[in-house]
Amino acid sequence: MITVGIDVGSMTAKAVLLNDNEWLSVIRPTGCSPRQSAREAFDELLQEVGISTGEISHITGTGYGRIALDFIDNAVTEITCHARGAHYLVEGTDLVIDIGGQDSKVIRTDGQGNVIDFAMNDKCAAGTGRFLQVMASALGADVSELAVLSRGAEPVEISNMCTVFAESEVVSLLAQGVAKENIIAGIHRSVARRVAAMAGRLGTGSKVTFTGGVARNAGVKEFLAEELGAEINVVSASQLAGALGAALLAREMAKISLRRLDYG
Amino acid sequence: MRPETMRIVDDLRDQNILNLEHAKRENQKIVGMYCAYSPKELVLAAGALPVSLCGTRQEPIAAAEKILPRNICPLIKSSFGFAITDTCPYFRMSDYVIAETTCDGKKKMYEILKDYKPMHVLHLPQGTNRPGALKWWTDELYLLKDQLEENLGVEISRESLREAVKLVNKERLAMRKLHELNKVDPAPLSGMDMLTSLWMKGFNVDVEEGIELISQLAEEVEEIARQGASPFAAGTPRILLTGCPVGMGSEKVLRLLEECGGSVVCLENCSGFKAVDTLVDEDEARDPIEAIAEKYLQIPCSCISPNEGRFDLIDKMIDEYHVDGLVDLTWQACHTYNVEGELLNQYVKEKYDLPYLHLETDYSTSDLQQLQTRIGAFIELLNNRRKA
Numbered sequence: 010m011i012t013v014g015i016d017v018g019s020m021t022a023k024a025v026l027l028n029d030n031e032w033l034s035v036i037r038p039t040g041c042s043p044r045q046s047a048r049e050a051f052d053e054l055l056q057e058v059g060i061s062t063g064e065i066s067h068i069t070g071t072g073y074g075r076i077a078l079d080f081i082d083n084a085v086t087e088i089t090c091h092a093r094g095a096h097y098l099v100e101g102t103d104l105v106i107d108i109g110g111q112d113s114k115v116i117r118t119d120g121q122g123n124v125i126d127f128a129m130n131d132k133c134a135a136g137t138g139r140f141l142q143v144m145a146s147a148l149g150a151d152v153s154e155l156a157v158l159s160r161g162a163e164p165v166e167i168s169n170m171c172t173v174f175a176e177s178e179v180v181s182l183l184a185q186g187v188a189k190e191n192i193i194a195g196i197h198r199s200v201a202r203r204v205a206a207m208a209g210r211l212g213t214g215s216k217v218t219f220t221g222g223v224a225r226n227a228g229v230k231e232f233l234a235e236e237l238g239a240e241i242n243v244v245s246a247s248q249l250a251g252a253l254g255a256a257l258l259a260r261e262m263a264k265i266s267l268r269r270l271d272y273g
Numbered sequence: 047m048r049p050e051t052m053r054i055v056d057d058l059r060d061q062n063i064l065n066l067e068h069a070k071r072e073n074q075k076i077v078g079m080y081c082a083y084s085p086k087e088l089v090l091a092a093g094a095l096p097v098s099l100c101g102t103r104q105e106p107i108a109a110a111e112k113i114l115p116r117n118i119c120p121l122i123k124s125s126f127g128f129a130i131t132d133t134c135p136y137f138r139m140s141d142y143v144i145a146e147t148t149c150d151g152k153k154k155m156y157e158i159l160k161d162y163k164p165m166h167v168l169h170l171p172q173g174t175n176r177p178g179a180l181k182w183w184t185d186e187l188y189l190l191k192d193q194l195e196e197n198l199g200v201e202i203s204r205e206s207l208r209e210a211v212k213l214v215n216k217e218r219l220a221m222r223k224l225h226e227l228n229k230v231d232p233a234p235l236s237g238m239d240m241l242t243s244l245w246m247k248g249f250n251v252d253v254e255e256g257i258e259l260i261s262q263l264a265e266e267v268e269e270i271a272r273q274g275a276s277p278f279a280a281g282t283p284r285i286l287l288t289g290c291p292v293g294m295g296s297e298k299v300l301r302l303l304e305e306c307g308g309s310v311v312c313l314e315n316c317s318g319f320k321a322v323d324t325l326v327d328e329d330e331a332r333d334p335i336e337a338i339a340e341k342y343l344q345i346p347c348s349c350i351s352p353n354e355g356r357f358d359l360i361d362k363m364i365d366e367y368h369v370d371g372l373v374d375l376t377w378q379a380c381h382t383y384n385v386e387g388e389l390l391n392q393y394v395k396e397k398y399d400l401p402y403l404h405l406e407t408d409y410s411t412s413d414l415q416q417l418q419t420r421i422g423a424f425i426e427l428l429n430n431r432r433k434a
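Laid out in structure tokens, this is it:
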């Protein structure tokens with residue numbers, strides 16, 4: 010059975026095609042049209058495998074853009090999808106930390122991919138991928154190089170959580186002559202602290218998996234491990250956890266409808 | 047399926063204003079109130095009409111922010127904004143306003159608002175478990191009685207108080223009955239319709255007429271329940287909504303809960319069940335003012351410390367309404383409900399192992415999408431638990 014999960018985030022649209030235990034993915038920048046970028050990611054995926062829409066049993070959409078999608082069979086929130094996807098990627102995960110473009114979430118699960126409790130940042134970019142991006146541009150760096158640039162650096166204290174204020178803080182630290190790598194390390198630690206505070210309310214997990222685009226940043230991961238006092242699992246596909254979770258849930262939905270058909 | 051009577055309820059707002067204008071022309075005195083702690087019985091006993099005042103909409107907040115700080119709760123800003131922009135007909139028509147010191151923001155806001163309308167601010171005790179609390183609150187109600195008599199030029203007799211007590215008790219029983227019909231699974235009345243009827247009721251002019259309408263609605267809902275009908279499919283997760291008050295214009299969380307596939311079966315907040323849970327003692331041997339004071343002091347608002355009554359009421363509601371999950375709504379900058387949320391979170395998780403969602407938001411629509419994700423995930427979680 011072939012199913013597809015589409016995760017339209019604020020920065021990127023991800024599509025995952027799942028066939029038994031094999032899966033393929035496409036990632037595209039969301040840009041200003043979530044619907045179009047999701048569609049393009051989906052079409053590209055079909056083209057790559059050489060199948061038509063008719064051969065797909067079920068398509069589940071997730072992420073902020075999920076409501077804008079007109080080619081999906083159902084929509085599920087990214088919280089439920091990340092929990093499922095993280096369990097698939099790292100079996101037995103019971104705490105998921107998902108930091109995406111505009112959200113950070115902490116999800117406690119039952120160790121089987123089912124959500125028990127969750128916390129999510131307010132309508133503000135503090136502690137998200139967007140925060141890192143703004144800071145990177147203030148530092149004249151690309152967001153993808155932050156971790157490498159700050160490896161082993163001593164973090165300075167970044168006291169502002171607000172993206173706008175933190176940017177001024179970074180500018181003034183630079184003016185004081187503080188080394189770039191120390192500022193970057195400080196930024197990573199401030200993101201980790203923000204998310205760890207959210208996690209604190211949910212209780213600790215025994216197997217923590219870090220998902221979302223920011224999971225690719227080894228600096229944030231390191232400070233998260235320090236703040237949470239736990240080992241953090243990151244896999245190369247961590248950014249795809251949401252779309253993968255959606256594809257897995259799509260498979261469950263398709264099986265339910267198949268059973269109904271058998272019965273009828 | 048929606049009760050036919052809801053159509054009358056929907057049109058009540060316009061009708062209420064017409065009725066009020068009519069009463070005003072007949073020289074009927076009108077007293078506006080903001081909060082569940084305002085003792086309606088005293089107003090009725092003074093021969094005046096008690097009405098709720100506006101404070102649940104976003105529109106006048108910008109005007110309020112020209113005078114008040116931005117970072118206080120939307121309810122205070124909305125109430126103040128409605129009053130100073132003269133866009134609340136109930137405020138305009140009020141001869142007198144009753145307010146209370148339920149929180150720091152409100153009590154200081156009233157110090158500004160008192161220049162717009164004659165007003166009395168009741169001083170609440172900080173808690174209910176101190177020996178002097180009831181005596182304090184009774185004295186406060188006596189003070190209000192004096193103020194009403196002086197400002198409205200009337201005398202409030204014991205007899206009229208007793209009559210008012212009976213009438214308002216009857217109203218509470220009618221509201222309680224309507225609420226309690228939702229103990230049936232699936233609920234015969236949607237949370238949105240429940241809110242609409244409770245809220246409209248507050249702006250109602252004639253108490254007897256209001257009781258009749260609510261009773262008519264209850265009868266119809268009872269019949270819907272008897273037929274096993276419901277606006278919800280069997281298995282829809284049942285939600286208890288608690289926290290800050292909700293009205294039309296500030297109903298976004300309740301609406302999203304039901305749009306995302308939940309059924310809000312009961313409202314614990316002060317715009318819901320909290321205010322009708324207990325009655326005033328009708329014992330004629332007692333001082334009616336003290337009996338009224340006793341009832342109002344039992345309202346379990348987060349401004350009371352400690353607020354054990356809220357936990358007791360939630361205990362009762364979780365059990366009686368077969369609740370699958372709790373949603374605790376805090377208006378931004380409402381510190382007392384916000385902090386108490388953590389206690390409630392621990393309480394329901396440890397005692398009942400029930401999912402609990404705390405939402406902090408304001409009246410604006412700017413966070414609808416984030417709320418939709420949180421609420422959607424919460425409903426998915428409840429559905430998952432119901433399946434298991």
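Chains A and B supply the protein sequences, listed in that same order.
Under our numbering, the letters of the first sequence match residues 10 to 273, in that order.
Under our numbering, the letters of the second sequence match residues 47 to 434, in that order.
Think of the CB as a built atom: it goes at the ideal place given N, C-alpha and C, for glycine as much as any other residue.
Subject >> With 16 other Cβ atoms within 10 Å as the buried cut-off, status of Ser-199(A) >> reply: Within the first sequence, the letter at position 190 stands for residue 199(A). Under this definition Ser-199(A) is a buried residue.
Subject >> Reference Asp-185(B), options Glu-50(B), Arg-432(B), Ala-339(B), closest by Cα >> reply: Against the second sequence, residue 185(B) aligns to sequence position 139. That would be Ala-339(B), whose Cα lies nearest to the Cα of Asp-185(B).
**OP:** Using three-state DSSP, classify Asp-29(A) as helix, strand or coil.
**Re:** If you number the first sequence from 1, residue 29(A) lands on position 20. Coil.
Original post:
When we look at the beta-carbon of His-368(B) and count the other beta-carbons within 10 Å, is it buried (16 or more) or exposed?
Top reply: If you number the second sequence from 1, residue 368(B) lands on position 322. Exposed is the call here.
Subject >> Under 7 Å by beta carbon: chain A residues contacting Ala-423(B) >> reply: Position 377 of the second sequence, counted from the start, is the residue given in the question as residue 423(B). By Cβ distance, chain A contributes Thr-86, Ile-88, Thr-89, Val-124, Phe-127.
Original post:
What's the gap between the Cα of Ala-82(B) and the Cα of Ala-321(B)?
Top reply: Here residue 82(B) refers to the residue found at position 36 of the second sequence. Here residue 321(B) refers to the residue found at position 275 of the second sequence. Spanning the two alpha carbons is a distance of roughly 6 Å.
Subject >> Within 7 Å of chain B by C-beta, residues of the region 60–79 of chain A in sequence order >> reply: Tyr-73
**OP:** Starting from Leu-372(B), trace the beta strand (DSSP E) both ways and give me its first and last residue.
**Re:** Counting from 1 along the second sequence, the entry for residue 372(B) is found at position 326. Unbroken beta strand (DSSP E) run through Leu-372(B): 371–377.
Subject >> Three-state class that DSSP yields for Ala-77(A) in the structure shown >> reply: Here residue 77(A) refers to the residue found at position 68 of the first sequence. Helix, per DSSP.
Original post:
In three-state DSSP terms, what is Leu-95(B)?
Top reply: Taking the second sequence and counting its residues from 1, the one referred to as residue 95(B) is at position 49. In this structure, Leu-95(B) counts as strand in the three-state DSSP scheme.
**OP:** Determine the DSSP secondary structure at Glu-406(B), reduced to helix, strand or coil.
**Re:** Here residue 406(B) refers to the residue found at position 360 of the second sequence. Here Glu-406(B) sits in strand by DSSP.
**OP:** With distances taken Cα to Cα, identify the nearest neighbour of Gly-209(A) among Thr-137(A), Asn-191(A), Asn-123(A), Ile-106(A).
**Re:** Stepping through the first sequence from its first residue, residue 209(A) is reached at position 200. Taking only the C-alpha atoms, the option nearest Gly-209(A) is Ile-106(A).
**OP:** Could you tell me the boundaries of the beta strand (DSSP E) in which Lys-114(A) lies?
**Re:** Residue 114(A) sits at position 105 when you count from the first residue of the first sequence. From DSSP, the beta strand (DSSP E) with Lys-114(A) extends over 113–118.
Original post:
Which residue comes first and which comes last in the beta strand (DSSP E) that contains Tyr-142(B)?
Top reply: Translated into positions along the second sequence, residue 142(B) becomes position 96. Segment 142–146, the beta strand (DSSP E) holding Tyr-142(B).
Subject >> Cβ of Glu-426(B) within 8 Å of any chain A Cβ >> reply: Walking along the second sequence from the start, residue 426(B) turns up at place 380. Glu-426(B) counts as touching chain A.
**OP:** Flag Leu-219(B) as yes when its Cβ comes closer than 7 Å to any non-hydrogen atom of the ligand ADP, and as no otherwise.
**Re:** With respect to the ligand ADP, the structure offers nothing, as it holds no ligand at all.
**OP:** Taking Thr-131(B) as part of the alpha helix (DSSP H), name the residues at either end of that continuous run.
**Re:** Residue 131(B) sits at position 85 when you count from the first residue of the second sequence. Where Thr-131(B) is concerned, there is no enclosing alpha helix (DSSP H), given that its DSSP letter is neither H nor E.
Original post:
Mapping DSSP to helix, strand and coil, what is Asn-315(B)?
Top reply: Position 269 of the second sequence, counted from the first residue, corresponds to residue 315(B). If DSSP states are grouped into helix, strand and coil, Asn-315(B) belongs with coil.
Original post:
What is the DSSP secondary structure of Ile-65(A), reduced to helix, strand or coil?
Top reply: Counting from one through the first sequence, the residue named residue 65(A) turns up at place 56. Note: Ile-65(A) maps to coil in three-state DSSP.
Subject >> Closer than 7 Å at the beta carbon, the chain A residues around Gln-415(B) >> reply: Taking the first residue of the second sequence as position 1, residue 415(B) is located at position 369. Residues of chain A passing the Cβ test: Tyr-73.
Subject >> chain A residues whose Cβ lies nearer than 8 Å to that of Arg-332(B) >> reply: If you number the second sequence from 1, residue 332(B) lands on position 286. None at all; the shortest Cβ gap to chain A is about 46 Å.
Subject >> Span separating the alpha-carbon of Leu-428(B) from that of Leu-403(B) >> reply: For this step, residue 428(B) is matched to residue 382 along the second sequence. For this step, residue 403(B) is matched to residue 357 along the second sequence. Distance between the alpha carbons of Leu-428(B) and Leu-403(B): 11 Å.
Subject >> Leu-303(B) - partner residues in DSSP beta bridges >> reply: Translated into the one-based positions of the second sequence, residue 303(B) becomes position 257. Note: Leu-303(B) sits in no beta bridge, so no partner.
**OP:** State buried or exposed for Asp-370(B), treating a residue as buried only when at least 16 other CB atoms are found within 10 Å of its CB.
**Re:** Indexing the second sequence from 1 puts residue 370(B) at position 324. Classification for Asp-370(B): buried.
Original post:
Among Leu-241(B), Gly-256(B), Glu-304(B), Glu-330(B), which has the Cα closest to the Cα of Pro-291(B)?
Top reply: Stepping through the second sequence from its first residue, residue 291(B) is reached at position 245. Of the listed residues, the one whose Cα sits closest to Pro-291(B) is Leu-241(B).
Subject >> Stretch-stretch touch, CB-based, cutoff 8 Å, three pairs: the region 231–239 of chain B with the region 296–315 of chain B >> reply: yes
**OP:** Taking only beta-carbon positions, decide if Arg-420(B) is within less than 8 Å of chain A.
**Re:** Working through the second sequence from its first residue, we reach residue 420(B) at position 374. By this cut-off, Arg-420(B) is an interface position.
**OP:** Could you pull the start and end residues of the beta strand (DSSP E) that Phe-278(B) belongs to?
**Re:** Position 232 of the second sequence, counted from the first residue, corresponds to residue 278(B). Premise fails: Phe-278(B) is in no beta strand (DSSP E) and is neither H nor E.
Original post:
When the Cα atoms are used, what is the spatial distance from Ala-264(B) to Asp-56(B)?
Top reply: Residue 264(B) sits at position 218 when you count from the first residue of the second sequence. Residue 56(B) sits at position 10 when you count from the first residue of the second sequence. About 15 Å.
**OP:** Given a cut-off of 8 Å, decide if Leu-258(A) and Val-85(A) are closer than it, judged by their beta-carbon atoms.
**Re:** Counting from 1 along the first sequence, the entry for residue 85(A) is found at position 76. Counting from 1 along the first sequence, the entry for residue 258(A) is found at position 249. Yes, these two residues count as a Cβ contact at 8 Å.
Original post:
What are the boundary residues of the beta strand (DSSP E) that Arg-284(B) is part of?
Top reply: For the purposes of this step, residue 284(B) is taken as residue 238 along the second sequence, with counting starting at 1. That run of the beta strand (DSSP E) goes 284–289.
Original post:
What's the gap between the Cα of Gly-273(A) and the Cα of Ala-263(A)?
Top reply: Along the first sequence, read from residue 1 onward, the residue named residue 273(A) stands at position 264. Along the first sequence, read from residue 1 onward, the residue named residue 263(A) stands at position 254. The pLDDT assigned to Gly-273(A) is 48, lower than 50, so where the model puts this residue is not dependable, and the model offers no usable value.
**OP:** Taking Leu-182(A) as part of the alpha helix (DSSP H), name the residues at either end of that continuous run.
**Re:** The residue given as residue 182(A) occupies position 173 in the first sequence. That run of the alpha helix (DSSP H) goes 172–184.
Original post:
If we cut at 8 Å on Cβ distances, does Asn-384(B) have a partner in chain A?
Top reply: The count along the second sequence starts at 1 and reaches residue 384(B) at position 338. No, no contact with chain A.
**OP:** With DSSP as the reference, label Arg-37(A) as helix, strand or coil.
**Re:** In the first sequence, counting from the first residue as 1, residue 37(A) sits at position 28. Note: Arg-37(A) maps to strand in three-state DSSP.
Subject >> Three-state class that DSSP yields for Leu-343(B) in the structure shown >> reply: If you number the second sequence from 1, residue 343(B) lands on position 297. If DSSP states are grouped into helix, strand and coil, Leu-343(B) belongs with the helices.
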